[in-house]
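Undergrad: Take a look at the following structure, please.
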Amino acid sequence: LNSVDEDEEEEQAVRGAWRGFAVSMFRKALLSAEEYAFKYAASGFLELLMLADLQLYVCGKVEKQKLIRDELVVLLGELLTIYRQVSWLKRWDRRKGSSSCRHSSDEEDESEIMASRLEDRLVECLELCNNFVLFMPPSVAPDNNEELLLLQSYFSFLIDLIPDSFLLTKDRPPGPKKRLAIFALVKNLFVFLVHPSILLTFRQLWDRLHANSTAGKMAAICCDCCRRFVIVEQLQRNPKAREVLKSFLSTVPEYRDLLLHIFCDFSVCRMLKEADKATLAAFLRFDFLQASAVNKFAASAQSTKMQAAPAKSSLKKFYHLTCGWVSGLLERKKRILEEAQARLHSSNEQASDVNRFTVYMHDIVTSEYATFEQNSDRLAENVVWQWRFIEKSLCHPQGIFYSPKKWPNRWCLDPLHLPGYSRVRFTPDVVVDNLDGEFYRSQESGSVKGCSSFWLDKLFATSTLLPFDAEGGVLHSFNTIMVTLFFEATGTLLLYREKIHFFSNNCCTVQKRIPLNKKVSTSWNYSQLILLNCLRFHAADCAVEIFFDTLESCLFVFDSPASRAEVVGHLKSFSPALQQATLQMLPAFTVAWRSGQMTNFDYIMTLNELAGRTFNDITQYPVFPFILNDYFNYTIDLKQPTLYRDLSLPVAVQNSRSRTYYTERYEALSSASLDQNVPLSEPYHFGALYSNSGVVLYYMIRVPPFSNLALEYHGSYNTFDMPDRLFHSINTTWNMASWDWRGDNKELIPEFFTLPEMFINTQNFNLGIRHNGERVHDVIMPNWCPEKDPRLFVLIHRQALESDAVSRRLSHWIDLIFGYRQSGQAAVDAFNVYHPCTSWKNVRFEELGDEISSSALHAMVKTFGQLPLQLFTKPHPTRTVSSNNDSSGTVSATATAAATEYSFCPARGLRWGNYVGSPEGQAPRLIYTQAVIDAPSSLAHVFILPCGSLVFVPEKVALVAVYPCKLYSSRTSSSNVRQQIRTRASALILSLRFDFADCAIKLKFEHLPSSAGHISQSSVSEWIDIMLAYDFQVTAYSSFVETAVFCFGTDLGTVKVARLKGSYFQNEMQQPQNMQTSCTVLKTLYGHSASVSTVTLSTQHGIIVSGSVAGELFVWDLNRLCFVRKLTGHEGTLSLCAISSSSSSSCDIVSVSDEDVGSELMLHTVNGRLVGRIHSNVTICSLALSNLAEGVSINCIATGLQNGVIRIWDRWKLSLIQELRSDEVLRPVISLTYTCNCSQLVALLNDNTVICWDKNADTKSAANRFKERLSVALKMT
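Mapping of the sequence shown onto full-length UniProt numbering: position 596 corresponds to residue 596, and the numbering continues sequentially without gaps.
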């Protein structure tokens, strides 16, 4: 009960507040100087309330109708009160000569209201009250006293407005408009006494509003006797009212009888009380009604019929009046609604404009704030990065502030690589302890998230070289996801006018999407972009892989193919030299492979890339074939066809028993699928693909950070996996894949031919103990592998891949993986059908109705692997020639001895290759010996340019070759194809000189590119100062580099890395003296304790190697400009060093250190392993490395001795394979270089004598060609 009372009180309070507000606004609208305020807020509002009242009355909704009626009565009463207080008649009489009157108000800004307008408003308001009385049905509520009081007040007000001298006549009397209107209103009230409007109004609204059936009952129980009797009371009490009625009846006598008939109705009405009936009787005693009463009761029936005609006419007029009011009310409602709709539409448009402007301003402010926030974050990040650079520069093991806590004690695979290259280099892990102690055999402990953190910090090299700069504004912005093997970063890709920038604050792991507390923010200049490759990601064709000249590659996944196409279009417009990998390139690569210009490894890698395989997506990792079927015997012969697997069939069906099993399995699944109408229920031979995330992690489990990913992959066991299922033996893996284990059909990965470290447990992981008691540690090599050395296995395995037997049959494997046997009936016949979810054609996430099915399909796609894009629809053509050109001929005795010495290898049939010093073919011959007499100064180096020209370089001078296009745009890692592209490319040759007396490093333009693409001599240009060297002396430098980045060592033990900048190729007709260039020192590398004595760099592998007089040999990261490792074993002064650049499979570092007697030659891998060391009693003065493709040759090291002898060493075991001697050559060989195809070896002696050793049989023609090249070189020297 208390809650009910409280609700009633609250309702009364709300109604009181609303009524006070409505009355206040209504009063202001009535007296407002603005006409529209009165029209809409007063008159229009009252009419809408009347219409709502009628609608609710007809529909029978009594409670709601009572609420509306109460408010309507209050507002009409307020209207009468206002106009009664104003006393309009007195104001008009008193101010007849005045043009206006002012409503009294304390506000100074109250507007004036014209008298004529007030008169019109008074008439209109009285008409509203009159319409309420005449046409509105009475309230059905028992307490309708307020309504009756309103009627009484209104009738009195009308009577008071009629002057005493005014007479009502039939004809319209002359007078003011107001008095005529009042006359009509009073007349209508008298007619209302005779004809109540309730039934007429109800019938009109019944037809128009289609009220329900209960409305008829409402009309039947209501009557207007109470309201009409109020008028009778006023007539009985007010003498003036009686006079007005008397005058009206005298004018219209026919209404007298109708009025008396109605009074008779009052006498029987149940709504009237006895006192009311007494009042009625008293009213009937008036004289002007008595005569009519006697006549009425004495009249005959005929006279009654005659008097019914005027009554019917009067009723008809009142009927039309009622119909007109109802129609007008509905029309006004319609018009008001239309006007309101128009105003609403206009307001909506204005609101939309305001909203658009607000959104526009909000976007501007948000963009400015976001830019400010990004710049602030980037500034903070740059500070952190700079501090990290300082730490890396000074806190590494050779730095002056070395701290074991600041330097990692473990190694991870470096993610940077070139297109077509496999990752072969390890770099320090920035997290000291990668995994928990239980995963190591030692007692070290750490965090399980270390590996992923490493890739976040190590993935990008440009943060070192290219600090972010937000000048210029964002031109385009795209939402994207950066995908790597180990994490996904959801962020934004911003395209500026000069660079591309990506930032993200949301990183997670790939497998289980575990959040990582890391930010990714990096940027690149458009000039750094070298290649685009559009591919699929999780079956969606919306990803693009971008390669940069900093060896970085990033996979970006966009919302739709349209967004990706837009991004690719913008990148091509900003970087016109950027190339995109398309299938139109495929025929050219196929022709190059068939003609022997590309190796099998390079061709397979190219097909992987064109088919959408990438190192950045573990579900689409590049796939390579199992090629050998014998990993058990102690000797093998690579020339025997029986050594190799059947490449025309998948690896799992190499025998008839396996083929029978998979045939029966396919038929069983085919029969089962006929009875099921279920998606992805097609039959298949294999449930998972030959290459998926599990296969990659199986092979790479010993290589961080794949180790961390393997732990996440097997997270439910909290271990690497069961020891017996781990990769522990190559022979066992082959047996399980080929016949021993049903369902195992895994192929190989590129690292099987490039990365020997994948077989070695260098991190000492605790991989467990097998059921036979053997501990899983290093991978067990095949029995035929020399010394069980993983490096030699990789090299021999690469030779097997390039063998003639594989070359002849490789096209069949291509048909299975990339060709026509990938799908259709050809795939069924070849036992090559895989689970339907491995093909993007069968994966349709949008057709799945529920989230659970979609998540399950996503998991299947990520786990089962994804088929490569089908590149061929017809059988792939076979290879026509071998990848190397074997020469027949006699072999010298020295060569035979060298070959016998190398016979320790159990693998027979290895190919040495056709180069000067190779044991195969004819022995090299000295075809040219001549001293350079006209040289301007003492020569120090000889080089072969990519175009084939010889170049001689004096002491303290370095050459820089700058190309107008990227050298890596060939999409292959074949040295032969790349060499041809570099040969055709125009080059600008710059000279750097370090021995000027003013301690300045100067530059001069030497040769400009000609229209034919050949190097031509330019007009002599002046030396340009590019760097001052007041505080140091240059003691070592790279004599020839093919990039704008060069490095040099100083006597302070530092290595400076600098970059040349200039627009060299904008105008080929520009003279060298008019060209502008600049030099920027990117970083100074600290670490050597003595003067730097030798330095070299490799852009292909991204490293710098420097040596000092203290015997220190360091490897630096060329892109990140930081210390990597120290190569140990040197005791004397480092005099020479060189980096191999033959192929993508390996990277070797050759160094020479001087001793008291002779020199020591050492061979290291790029990852620090010492391959071999040889002591030479004769000082080694020069080095040269052959650069033939790996797999088709065993590359060599040529060393020039002080006695004129040239010794050739193989790069596998550092064994001597040949010596080049001549009685004509007895001077020290200070420089050596191989020609592009390694068919000639050019040497420079210390007396400026040039000699040439040739491999070809036709020595005369070879000598003539060399003379021509030498003469051109001497003219340019």
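Using N, Cα and C, we set each Cβ at its ideal position, and we do this for glycine too.
Assuming Cys507 and Leu516 make a contact with CB atoms under 8 Å, what is their CB distance in whole Å?
TA: With 8 Å as the limit, Cys507 and Leu516 qualify as a contact, their Cβ atoms being about 4 Å apart.
Undergrad: Checking 9 Å against the spacing of the C-beta atoms, do Leu529 and Phe547 come in under that value?
TA: Against a cut-off of 9 Å, the Cβ pair of Phe547 and Leu529 comes out as a contact.
Undergrad: Which residues in the same chain have their Cβ closer than 6 Å to the Cβ of Asp1254, if we skip the five residues on either side of it in sequence?
TA: So the qualifying residues of the chain are Arg925, Ile927, Gln1240, Ala1262.
Undergrad: Whole-angstrom Cβ separation of Phe426 and Leu416, contact assumed at under 8 Å?
TA: Going by Cβ atoms, the distance from Phe426 to Leu416 rounds to 12 Å, so no, they are not a contact pair.
Undergrad: Quickly, what does DSSP pair Glu1219 with across the bridge? List them, please.
TA: Arg1207, per the DSSP bridge assignment.
Undergrad: Return the CA-CA distance between Phe624 and Leu689, expressed in angstroms with no decimal places.
TA: Taking the straight line joining both Cα atoms gives about 13 Å.
Undergrad: Rounded to whole angstroms, what is the Cα-Cα separation between Trp739 and Arg659?
TA: Looking at the two C-alpha atoms, the distance is approximately 10 Å.
Undergrad: Quick one: is Leu161 near chain D, going by C-beta distance under 9 Å?
TA: The structure shown contains no chain D, having only a single protein chain.
Undergrad: Mapping the DSSP letters down to three states, classify residue 1307 as helix, strand or coil.
TA: No answer is possible for residue 1307: it lies beyond the span of the chain, which begins at 1 and ends at 1277.
Undergrad: Tell me whether the beta-carbon of Arg791 lies closer than 9 Å to the beta-carbon of Thr1165.
TA: Contact: yes.
Undergrad: Starting from the Cα of Asp1031, find the closest Cα among Gly1049, Ile162, Trp325 and give me that residue.
TA: The shortest Cα separation from Asp1031 among Gly1049, Ile162, Trp325 belongs to Gly1049.
Undergrad: In chain order, what residues of the same chain lie with their CB nearer than 7 Å to the CB of Leu235, ignoring the 5 residues before and after it?
TA: Hits under 7 Å: Ala241, Arg242, Leu245, Phe283.
Undergrad: Please report how far the alpha carbon of Pro723 lies from the alpha carbon of Met736, in whole angstroms.
TA: If I take the Cα positions, the gap works out to 15 Å.
Undergrad: May I ask you to report which of helix, strand or coil DSSP gives Lys862?
TA: Helix.
Undergrad: Determine contact between the segment 1139 to 1158 and the segment 1090 to 1103, defined as no fewer than three beta-carbon pairs at a distance below 8 Å.
TA: At 8 Å Cβ cutoff, the stretches touch.
Undergrad: Grab the span of the beta strand (DSSP E) containing Lys1061 for me, first residue to last.
TA: From DSSP, the beta strand (DSSP E) with Lys1061 extends over 1054 to 1061.
Undergrad: For Leu535, which residues in the same chain have their Cβ closer than 7 Å to its Cβ, ignoring the five residues on either side in sequence?
TA: Result list for Leu535: Ala543, Glu545, Gly612, Thr614, in chain order.
Undergrad: Can you grab the Cα-Cα spacing for the pair Asp815 / Gly824, in whole Å?
TA: For Asp815 and Gly824, the distance between alpha carbons rounds to 12 Å.
Undergrad: What residues in its chain sit with their C-beta under 7 Å from that of Trp784, if we drop five residues either side in the sequence?
TA: Excluding sequence neighbours, Trp784 sits near Asn633, Tyr634, Thr635, Ile636, Pro906, Ala907.
Undergrad: Express the C-alpha separation of Cys1236 and Phe831 in angstroms, rounding to a whole number.
TA: Straight-line Cα distance between these residues: approximately 45 Å.
Undergrad: Quick one: residues in its chain with C-beta nearer than 8 Å to the C-beta of Lys64, no 5 flanking neighbours on either side, listed in chain order?
TA: Leu56, listed in sequence order.
Undergrad: Kindly give me the distance between the Cβ atoms of residue 1283 and Tyr699, rounded to whole angstroms, as I take these residues to be in contact under 8 Å.
TA: Because the chain spans 1 through 1277 in this model, residue 1283 falls outside it and cannot be assessed.
Undergrad: Suppose you measure from the CA of Ile701 to the CA of Ile944; what does that come to, to the nearest Å?
TA: The alpha-carbon atoms of Ile701 and Ile944 are separated by roughly 43 Å.
Undergrad: Cα separation between Ala22 and Asn130?
TA: In a straight line, the C-alpha of Ala22 is about 22 Å away from that of Asn130.
Undergrad: Do Pro836 and Ser681 come within 9 Å of each other at the CB atom, strictly closer than that value?
TA: Going by C-beta atoms, Ser681 is nearer than 9 Å to Pro836.
Undergrad: For the segment 726 to 736 against the segment 559 to 579, are there 3 or more C-beta pairs whose distance is under 8 Å?
TA: Output reads no: the segment 559 to 579 does not touch the segment 726 to 736.
Undergrad: Note the first and the last residue of the continuous beta strand (DSSP E) segment covering Ala940.
TA: Segment 939 to 944, the beta strand (DSSP E) holding Ala940.
Undergrad: Measuring straight from C-alpha to C-alpha, what distance separates Arg879 and Ser595?
TA: Cα to Cα, the separation comes out at about 7 Å.
Undergrad: When you compare each of Leu1170, Ile1103, Leu1134, Leu48 to Asp789 by their alpha carbons, which one comes out closest?
TA: Minimum Cα distance to Asp789 is reached at Leu1170.
Undergrad: Could you tell me the distance, in whole angstroms, from the CA atom of Leu134 to the CA atom of Thr358?
TA: Roughly 52 Å between the two C-alpha positions.
Undergrad: Alpha carbon to alpha carbon, how far is Pro138 from Gln12? Give it in angstroms, no decimals.
TA: Spanning the two alpha carbons is a distance of roughly 24 Å.
Undergrad: State buried or exposed for Ser393, treating a residue as buried only when at least 16 other CB atoms are found within 10 Å of its CB.
TA: Looking at its Cβ environment, which holds 16 or more other Cβ atoms inside 10 Å, Ser393 is buried.
Undergrad: Check whether the segment 1107 to 1123 and the segment 371 to 384 touch, using three or more Cβ-Cβ pairs below 8 Å as the test.
TA: In short, these stretches do not touch, since the Cβ pair count stays below three.
Undergrad: Would you please state the rounded distance, in angstroms, between the beta carbons of Gly1200 and Leu1232? I believe it to be under 8 Å.
TA: Confirmed, Cβ separation roughly 5 Å.
Undergrad: Tell me the rounded alpha-carbon separation between Leu1244 and Ile1197.
TA: Cα-Cα distance, rounded: 17 Å.
Undergrad: Would you decide whether Tyr526 is buried or exposed? Buried here means 16 or more other CB atoms lie within 10 Å of its CB.
TA: Burial call: buried.
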